[in-house]
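Asks: Take 235 as the starting number for the sequence shown in the working numbering and just add one per residue.
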Amino acid sequence: MAPRVLVSDELSETAVQIFRDRGVEVDYMPKLGKDKEKLAEIIDQYDGLAIRSATKVTEKLLEKATNLKVVGRAGIGVDNVDIPAASKRGVIVMNTPFGNSITTAEHAIAMMFAIARQLPEASASTHAGKWEKSKFMGVELFNKTLGVIGAGNIGGIVCDRAVGLKMKVVAYDPFLSEERAKQLGVTKVELDELLAKADFITLHVPLTDKTRNILSRENLAKTKKGVRIINCARGGLVDEAALKDALDSGHVAGAALDVFEVEPATENVLFGHPNVVCTPHLGASTTEAQENVALQVAEQISDYLLSGA
Ligand code: MLT
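1) In the DSSP output, what is residue 262 paired with across the bridge?
2) Can you tell me which residues form a DSSP beta bridge with residue 305?
3) Touching or not, the region 379-393 and the region 432-452, by the rule of three or more beta carbon pairs under 8 Å?
4) Can you round the beta-carbon distance between residue 344 and residue 531 to whole angstroms, since I take them to be within the 8 Å contact cut?
5) Quick one, which of 332, 338, 501, 300 has its alpha-carbon nearest residue 325's?
6) If you measure between the beta carbons of residue 404 and residue 375, is that distance less than 8 Å?
7) If you check the beta carbons only, do residue 503 and residue 475 fall under 8 Å apart?
8) Is residue 335 close to the ligand MLT? I mean its beta-carbon at under 7 Å from any heavy atom of the ligand.
9) What's the C-alpha gap between residue 515 and residue 370?
10) Under 7 Å from any heavy atom of the ligand MLT, does the C-beta of residue 246 make it?
11) According to DSSP, which residues form a beta bridge with residue 422?
12) Could you check which residue in 254, 350, 425 has the C-alpha nearest to that of residue 460?
13) Apply the 10 Å Cβ neighbour rule to residue 505 and answer buried if 16 or more other Cβ atoms are within range, or exposed otherwise.
14) Would residue 273 and residue 321 qualify as a contact pair, given that the criterion is a beta-carbon distance under 8 Å?
Structure (structure tokens):
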């Protein structure tokens with residue numbers, strides 16, 4: 235019998251077609267991720283589950299998923315999957331670590347430009363017919379120091395692009411070898427040195443017990459006055475209340491945030507701040523990246539289920 239896969243979040247049509255072409259039965263129900271009860275009612279019919287971020291694969295859901303063998307996350311973060319609970323039941327959890335790296339790195343660079351030149355505010359003001367030319371004085375990126383926290387897949391691409399912009403790049407990443415740092419054209423430093431030197435700081439680490447609040451109140455106080463902060467990684471890496479205080483006091487000149495402690499973020503202590511640029515977790519949202527991750531997750535789940543798992 236053909237294995238059955240449920241796609242419970244919005245995923246490109248490409249994924250559905252790949253499952254069909256590979257001989258996997260697939261049900262595409264992109265709204266189900268938001269309907270916990272309905273999902274729990276039908277999950278026992280499936281061998282595989284393909285998700286993005288809306289579906290929460292909790293212990294409770296896994297208890298009902300008596301036939302489930304694999305959960306595939308089209309994207310990088312698996313924060314929405316209870317991995318210990320899945321492992322306990324022998325359910326494999328896979329992600330697609332490469333498909334949206336370029337897109338996310340480009341968003342971080344776009345956010346850096348946005349805060350350097352106050353693009354959203356200048357655009358809104360121009361649309362309003364105000365022509366406030368003298369209000370929007372920016373700063374150049376050329377020759378500025380960018381501190382990259384986490385120089386893995388995404389952070390590494392950010393380093394490369396920033397070097398191309400003629401920025402000086404310092405990176406904090408315990409897993410970064412001197413050789414790789416040299417290859418990227420960046421200087422490997424400890425966190426305190428990065429905090430003290432950087433004009434811009436961008437975060438590219440997952441949210442773990444070690445990285446939570448890596449930009450804590452204490453660490454924000456160690457940054458250079460006038461620093462600008464970009465977070466396109468995960469909410470919870472920056473202490474939002476401390477960041478607001480640092481923005482209010484003028485110590486931090488600007489922040490560009492794509493991710494928030496609580497998402498979907500409909501209210502946040504930083505909303506409405508004139509020096510904050512926000513986007514709704516759009517880091518991976520390009521047609522190319524969504525096509526890549528959908529294709530990869532469908533291939534990976536099919537490979538696994540068709541290998542006789
Ligand atoms: C990811 O983990 O792949 C990104 O944050 C994208 C997303 O969640 O949509």
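Ideal Cβ placement from N, Cα and C applies to all residues, glycine included.
Values in this document were obtained by computation on a predicted structure and should not be read as measured data.
Replies: A quick look at the data gives this:
1) Along the sequence shown, one-based indexing puts residue 262 at 28. Looking at the DSSP assignment, residue 262 forms a beta bridge with 241.
2) Position 71 of the sequence shown, counting from 1, holds the residue named residue 305. Per DSSP, 283, 327.
3) yes
4) Numbered from 1 along the sequence shown, position 110 holds the residue referred to as residue 344. Numbered from 1 along the sequence shown, position 297 holds the residue referred to as residue 531. Between residue 531 and residue 344 the Cβ distance is about 25 Å, and since that is not below 8 Å, they are no contact.
5) Position 91 of the sequence shown, counted from the first residue, corresponds to residue 325. Looking at the Cα atoms, 300 is the closest of the given residues.
6) Along the sequence shown, read from residue 1 onward, the residue named residue 404 stands at position 170. Along the sequence shown, read from residue 1 onward, the residue named residue 375 stands at position 141. No, they are not a contact pair.
7) As a first step, residue 503 is located in the sequence shown; it is residue number 269 there, counting from the start. As a first step, residue 475 is located in the sequence shown; it is residue number 241 there, counting from the start. In contact: residue 503 and residue 475 (Cβ atoms closer than 8 Å).
8) The count along the sequence shown starts at 1 and reaches residue 335 at position 101. Flag unset: Cβ of residue 335 not near the ligand MLT.
9) Your numbering for residue 515 matches position 281 in the sequence shown. Your numbering for residue 370 matches position 136 in the sequence shown. The straight-line gap from Cα to Cα measures roughly 26 Å.
10) Translated into positions along the sequence shown, residue 246 becomes position 12. No - the ligand MLT has no heavy atom lying nearer than 7 Å to the Cβ of residue 246.
11) Here residue 422 is taken as the residue at index 188 of the sequence shown, counted from 1. 405.
12) By 1-based counting over the sequence shown, the position of residue 460 is 226. The option with the nearest alpha carbon to residue 460 is 350.
13) As a working mapping, residue 505 is identified with position 271 in the sequence shown. Result: exposed.
14) Locating residue 273 in the sequence shown gives position 39, where the first residue counts as 1. Locating residue 321 in the sequence shown gives position 87, where the first residue counts as 1. No, the pair does not count as a contact, with Cβ atoms beyond the cut-off.
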